[in-house]
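Report on the structure given below.
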Amino acid sequence: MTRISHVCGLYYAVPGQHKVDRHYLPQVSLSVNTKIVSSTSRTTLTQTFVNPKSDPIPELRYTFPLYDGVSVVGFVCTINDDRVIHGVVKERSEARKTYKAAVDRGESAGLLEQLPNASDVFTTTFGRIPANATLKVEITYLGELKHDAEVDGIRFTIPTSIAPRYGNYPGELLQPSSSTTSAVGTGISAVVDVEMPEGSNVKNVQSPSHPISVTLGNTSAGAASGADMSLQKASATLAMSTTELGDDFVLQVVATNFGRPMAVLETHPTLPNHRALMATLVPKFNLPSSKPEIVFLCDRSGSMGGEYTIPNLKKALHVFLKSLPVGVKFNICSFGDHHEFLFKDGSRTYDQSSLAEAARYVDTFAADFGGTDIYKPMKSVLKKRHADMDLEVFLLTDGEIWDQNLLFGLLNEQVAESKGRVRVFSLGIGNYVSHALIEGVAAAGNGFSQSVGDKENMNSKVVRMLKASLTPHVIDYTLDVKYGQDEAAAGTATESDDDFEIVEKVMDALVIDVQEAAEKEDSQKPISLYDESANPDVEMTDASLDTAAGGKYSHAPPVSEPKILQAPFKIPPLFPFNRTSVYLLLSPETIQKQPKSVVLRGTSPHGPVELEIPVTVLADKSETIHQLAARKAVKELEEGRGWIFHARDAPDPETLQLKEKYPGRFSDMVEREAVRLGVTYQVGGKWCSFVAVEADKSKDLEEKDSSTAEIVQASDSPPSSSPVTARRNMMGLGRGGAFRHRMITMKDLSGPVPPPPPAPAGGNRRARASHPLPPGTTSEQGFSATSTTKLMRLSTGGAARHRRYAGLKRSSDEAENEDSDGSAGEEREGKRPVDKADAASMSDEEKLNLLVAWQGFSGSWKWDEKLVLLLGLQKGVEVPKDVSGGGAIGLEVVATAMVLVYLGGVLGGLRDEWEMLADKAMEWLEGEVGQSGRSVEEFLEGVRGFMVREGVKV
């Protein structure tokens, strides 16, 4: 049985007695359709799952990897072949809000996110899956293919976990019923069509991982349509009767003249005057070899314990050691949860004795170093290097770590400090390699990466990597765009003008416009520092600030789009047998002429290097190169590199870079730029997600909301009340001031809730109503709320089942990450209630301290037994269905509302201490409750009534 570290599959969470159990839905079919054009690929993964249950499933989750660096450009979900929902890219939190709102309306929805700490792992979440439904998921992504040094061709990889790996499921694997499988096939089908550019013929297509059938001379689509045969085309097919892929599927394509330099210009089909250029080549040059220091950093952690992994590591090392040239210095560092060096006092000169000692050391290798920690040994290697020599580091690993960004940051810093004298190469060993790690390490370390499967030959690959490490360091590559004359000018040009050309330098585009908030004019009327009519609880807002993504980036100075955006921003060293591609996004501000060529220049220790590549203009408009360029630029930003890290707001080279001028806000400027690229070019990433909702219904809802939402104005309420102030007064959390509150008492709860008064004709839609206090109540009694209400369209879903506490719907975060957001404060607070009497003995300050410790980052509180006891309820209390909306409102929402009621009704004397955290909780609650068709006021009244019935004096 193959070792597994993660089982991939579609599952829903079921709370068990001591842990959360996963119930997996059966995957009944998987198809992969890929089109390779030159060195790029477009792949559509189509997976079909079934819900064998006779009940709807509130939420499904599915975590899986894709090859690192791919650009996810499409996300489509089809339910029962009659409901199709298409995904669009939004800022991550905005996408989650859109998804949540659709689910709360009772609609099916999908969310595709990249995990924050691993760029090659994605999570899909599906809400409201009907009973016995068939769910088809299509994910489309673009990729830039690696050059495989073993065969001198391109390498295309489909990671294992798009299908479940072999092994025992960590939960129950449900079986499809006959009714749900009759309409779908079984097994895996993969078709890869290959088309090479003119002048390049396909020589061979092979897979070192799986048996395939190959057709040379045509693609599958061409064969079906009767297209002419061509030596530039080929097709490969994989067919398996099981939906378990086992190992990564690897395809190698070898073609003639494939490494020749090529530059292609593409025009965007929908963005006016936006163009993208791709320059790609496999370098071919000869320069005298250098004599550097070489250190082999070898993974000996427990994850390397597969049948072939350590033997392959030892085999690679022996080839490396025997191939080292005389004159270099070398060392070996083994690592796991600790690390050790072969030569403790530093690298030694390569000679017969040091080689023999190293060979004996390698023969002792085993997977006996425990866990995997690459950061500390990498830091030690860089610290021990000889400062007067170039350093070449070879990382040999299966790459099973999660703290990748920490390692990338170390390499970014050390490579910059060494002024390019450090390079890091990575060799991924085994069938479960993390491509995100080995690719990221190589990119940050100015090297390149290769990977080798369990049963692949690696000798040529290893030797070519070593040859590359011995090439001289060239660190100042630049790319310029050269324009010729346009056709009109060419017709009138004189002989002396024939050589006239325009050149745009990418580096010149780094001077961008940064707009800080405008200075107020001196002539403006001064603001009084003591205004009796001022309300300190009114939050003043600046209408000029950026409100995108909920105002998340409003405090960061706006940055203009660069005239030319190059990705990667710093062109990496060029190595023989390794493909290098550079992209340019040309904004409308660039010269609106056709580029004639691009010129690549650099400086080596032996003289300048240069290559001019003519540009081919694509006849048809497309967005493929745009999306590949945008994804590469976004990935650089995610890994702490990219154009904005070098940008200035003035041409003077002495001017501070943006990261130096705005150190406190620069990280938000980086994230905002990544979001801009993701949304503009519709590519997913760390800060952007795909969200798919039922478009017609969501559009109808927006129109209905905008036409029916009415908020009544109180005669004495200030028209400029901020959302924070409005929330405080709705909840009774404000200090009074100009607002009058209606106190909710037991008498109010004995009958139906009175409706709000009608809106006066022509009234302000954003103002609020107020009611006088009922007789016999004061401003300090009970928990207050205004009569404000917003007319909401009722949910049309109707799929939610009525549930009591034990079966109430939980959010995915609740079910899987009970304490993942830092809200469980019991470790920080020693005293916590173990029963109702214990809670009653606590002081108000002790209770508030616990509530503060337990509040999550979003402002909410999770439903928890200790929280229930602290609020004065009995252990195991059940939430009635009139409060939960028949199960449509989750426990986390109920718990948060209970805390807010408790704060206002019991801990009112500590209002100054809790009012701002209550604002945060109220904002979160409005977002959760608002789309369920109920007003927040109505929901809070219901929660308060429930608590009163349970004996809590609020």
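For the sequence shown, my numbering begins at 4 and goes up steadily by one.
Just so you know, even glycine gets a beta-carbon here, dropped at the ideal spot from N, CA and C.
Everything numeric in this text was worked out from a predicted model, so none of it was measured.
Near residue 1, which residues of its chain fall below 7 Å by C-beta distance, leaving aside the five closest residues on each side in sequence? Examination of residue 1 is not possible in this model, given that the chain is present from 4 through 957 alone.
Would you tell me roughly how many angstroms separate the C-alpha atoms of residue 615 and residue 481, rounded to the nearest one? Answer to the nearest angstrom: the Cα atoms are 12 Å apart.
Would you list the one or two residues that DSSP bridges to residue 114? Partner(s): 128, 694.
Using DSSP with H/G/I as helix, E/B as strand and the rest coil, what is residue 583? In the structure shown, residue 583 sits in a strand (DSSP, three-state: E or B).
Since residue 137 sits in a beta bridge, which residues does DSSP pair it with? When DSSP reads this structure, residue 137 sits in a beta bridge with 53.
Judging by CA-CA distance, which residue of 612, 262, 395, 515 is the nearest neighbour of residue 470? The residue with the shortest Cα to Cα distance from residue 470 is 395.
When you compare only the Cα positions, how much space is there between residue 654 and residue 669? Their Cα atoms are separated by approximately 20 Å.
Are there 16 or more other CB atoms within 10 angstroms of the CB of residue 877, so buried, or fewer, so exposed? Burial is judged here by how many other beta carbons sit within 10 angstroms of a residue's own beta carbon; residue 877 has fewer than 16 and is exposed.
Provide the residue(s) that pair with residue 196 in DSSP beta bridges, ordered along the chain. According to DSSP, residue 196 shares a beta bridge with 38, 238.
I believe residue 958 touches residue 401 by the beta-carbon criterion, under 8 Å. Please report the beta-carbon distance rounded to the nearest angstrom. No answer is possible for residue 958: it lies beyond the span of the chain, which begins at 4 and ends at 957.
Please report the residue range of the alpha helix (DSSP H) in which residue 225 lies. That run of the alpha helix (DSSP H) goes 223 to 228.
List the DSSP bridge partners of residue 334. Answer is 298, bridged to residue 334.
When you compare each of 419, 665, 652, 561 to residue 575 by their alpha carbons, which one comes out closest? In terms of Cα proximity to residue 575, the closest of 419, 665, 652, 561 is 419.
Over the uninterrupted alpha helix (DSSP H) stretch that includes residue 321, give me the two end residues. It spans 312 to 326 - the alpha helix (DSSP H) in which residue 321 sits, taken as one unbroken run.
Spatially closest choice to residue 613 from 91, 483, 881, by CA coordinates: The residue with the shortest Cα to Cα distance from residue 613 is 483.
Note down the Cα distance separating residue 76 from residue 634, rounded to an integer number of angstroms. When rounded, the distance between both Cα atoms is 10 Å.
Residue of 143, 680, 478, 458 minimising C-alpha distance to residue 310: Of 143, 680, 478, 458, the residue nearest in Cα terms is 458.
Anyone know if the C-beta pair for residue 66 and residue 139 falls short of 8 Å? If you check the CB distance, residue 66 and residue 139 do not come in under 8 Å.
Closest by C-alpha distance to residue 866, when choosing among 894, 888, 17, 841: For residue 866, the closest alpha carbon among the candidates 894, 888, 17, 841 is that of 894.
For residue 374 and residue 316, the rounded distance between their alpha carbons: Taking the straight line joining both Cα atoms gives about 17 Å.
Looking only at C-alpha atoms, which of 648, 649, 638 sits nearest to residue 3? Limits of the chain in this structure are 4 at one end and 957 at the other, which puts residue 3 out of reach.
Just how far apart, CA to CA, sit residue 460 and residue 255? Rounded to whole angstroms, residue 460 to residue 255 spans 13 Å at the Cα level.
Where does residue 407 fall in DSSP's three states? Shown here, residue 407 sits in a helix according to DSSP, grouped into three states.
Under the three-state DSSP convention, the category residue 483 falls into: DSSP, reduced to helix, strand and coil, places residue 483 within a strand of the structure shown.
Say the cut is 7 Å; is the CB of residue 855 nearer than that to a heavy atom of the ligand FMN? Absence of the ligand FMN is noted for the structure shown, with no ligands found whatsoever.
Take residue 506 as the anchor and find which of 584, 144, 601 has the nearest alpha-carbon. Ranked by Cα distance from residue 506, the options 584, 144, 601 are led by 601.
Within this structure, are the beta carbons of residue 234 and residue 225 separated by less than 8 Å? Not in contact: residue 234 and residue 225 (Cβ atoms no closer than 8 Å).
Please name the residue in 586, 881, 517 whose C-alpha comes closest to that of residue 558. Residue nearest to residue 558 within the set 586, 881, 517 is 517 (criterion: CA-CA distance).
Who pairs with residue 207 in a beta bridge, going by DSSP? Partner residues in the beta bridge of residue 207, as assigned by DSSP, are 257.
Could you tell me which residues DSSP pairs with residue 603 in its beta bridges? For residue 603, the pairing in a beta bridge is given by DSSP as 482, 614.
Can you check which of these residues, 845, 864, 860, is closest to residue 854 by C-alpha distance? With distances taken between Cα atoms, residue 854 lies closest to 864.
Helix, strand or coil at residue 79 according to DSSP, with G and I counted as helix: Here residue 79 sits in strand by DSSP.
Using DSSP bridges, identify the partner residues of residue 68. Note: residue 68 is bridge-paired with 124 in the DSSP secondary-structure output.
Using alpha carbons as the reference points, say which of 386, 242, 195 lies closest to residue 222. Comparing alpha-carbon positions, the option among 386, 242, 195 lying closest to residue 222 turns out to be 195.
7 Å Cβ shell around residue 532 - same chain, five flanking residues per side excluded: The answer is none, since no qualifying residue turns up.
Whole-Å CB distance - residue 362 paired with residue 324, under 8 Å assumed: Taking 8 Å as the upper bound for CB-CB distance, residue 362 and residue 324 are in contact here, some 6 Å apart.
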